[in-house]
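The letter at position 67 of the sequence shown is residue 53 when you use my numbering, and the numbering goes up by one with no holes. From the three backbone atoms N, C-alpha and C, an ideal C-beta is built for every residue, glycine too.
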Amino acid sequence: MGIHKYFQSLSDLEGIYRCPGVFKYQEHSVASHSFKVATIAQFLATVEDRNGQSVDWKKVYERAINHDYSELFTGDIKTPVKYALPKLRELFSQVEGSMTQEFLDKEIPMEFRKVYEERFKEGKDDSLEGKILSVADKIDLLYEAYGEIQKGNPESLFFQIYREALESILKFKDLVSVRYFIQVILREMIDEEAKSHTYIKSITNQLLSETAEG
-13 MGIHKYFQSL SDLEGIYRCP GVFKYQEHSV ASHSFKVATI AQFLATVEDR
37 NGQSVDWKKV YERAINHDYS ELFTGDIKTP VKYALPKLRE LFSQVEGSMT
87 QEFLDKEIPM EFRKVYEERF KEGKDDSLEG KILSVADKID LLYEAYGEIQ
137 KGNPESLFFQ IYREALESIL KFKDLVSVRY FIQVILREMI DEEAKSHTYI
187 KSITNQLLSE TAEG
C-alpha cells in the first residue's frame, strides 16, 4: 500500500508495449516512451526559452514524465482499433481518468494526493508547456513509425501513423520550436530517408506544402 505500491508500479510500465496488435520489428514500452517524450520536450522547451519564451520547466518535466502513467490501468489501445475509432480513444481516456483517481485515493497518502492529482491529470492544454507535451508526444510517435518504415515493415498502418503524427505536429507551427523541427530536424530526416525510401519523403513534402498553402 502507499508510495511503495506506486514505486513498484513503475516497473509494470516497462512491460506495457505501445502500438499493440500490429507486427513490429522493435517494441517500445510505455516507460521508454515517457523517457523519450521528456527528452524531446526538454529540447523543444530549450528552443522556446532561447527565443524569449517564459518556460515553466517544472511543468514541462512533470507533464512529460507522467503523461502516460494512466496506461498502467488499461494498457495502450490495440492500434488498428485506435486509428479506426477515434471516439473509442475518448472513452478510454475517461476510463483511465477514473481508474487513475481510484489509484490515487487508495495508494497515495493524503499529504501528497493533491500534488499527484495535478501531476497525473491531462497535461495537453493550451499553455506553452501543454503544447510542448503535445508536440513531443507526436514526435516520438513519428519516430517510432519512421523506424518501422526504415526497417521495411510491410504494415501500411505505420505510414498512416507517420502521416497523422506529422499532421498533428504541424498544427503547432506557431511555436518556434516546431518551426525548428520542421525546418531543421525533419529536413535531416527526409534527406536521409530519400536514399532508401522515397514514399515517406513524398508524404512529408505533401503535408509541408499543404501547411504552407494554408
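Query, Result
"For Phe167 and Ser120, believed in contact at Cβ under 8 Å, the rounded distance", "About 13 Å separates the two Cβ atoms, so there is no contact after all."
"Backbone CA spacing between Thr32 and Phe145 [nearest angstrom]", "30 Å"
"Test item: CB-CB of Glu103 and Leu114 under 8 Å", "no"
"Straight-line Cα distance separating Gly116 from Lys110", "4 Å"
"The segment 12 to 28 in contact with the segment 118 to 137 per 3-pair CB rule at 8 Å", "yes"
"Nearest-angstrom Cβ-Cβ length linking Ala122 and Leu30, presumed shorter than 8 Å", "6 Å"
"Proximity below 8 Å, CB of Lys137 to CB of Tyr47", "no"
"Cβ shell of Glu13 (< 6 Å), same chain only, five flanking positions each side left out", "Tyr3"
"Rounded distance between the beta-carbons of Tyr(-8) and Ile135, thought under 8 Å", "That pair is no contact at about 37 Å."
"Presumed contact (8 Å Cβ cut-off) between Ile176 and Thr190, rounded CB distance", "5 Å"
"Residue environment, Ser163, which counts as buried when at least 16 other CB atoms sit within 10 Å", "buried"
"Exposure label - Phe106; buried when at least 16 CB within 10 Å", "buried"
"Distance between Ile171 and Met96 (C-alpha atoms, nearest Å)", "44 Å"
"Integer-rounded CB distance, given that Leu193 should sit under 8 Å from Thr153", "A small correction: the amino acid at residue 153 is Glu; Thr does not occupy that position in the sequence shown. Correct: roughly 6 Å between the Cβ atoms."
"Backbone secondary structure at Tyr11 - three-state DSSP", "coil"
"Close Cβ partners of Thr60 (< 8 Å) along its chain, the five nearest in sequence each way excluded", "Phe78, Val81, Glu82 and Met85"
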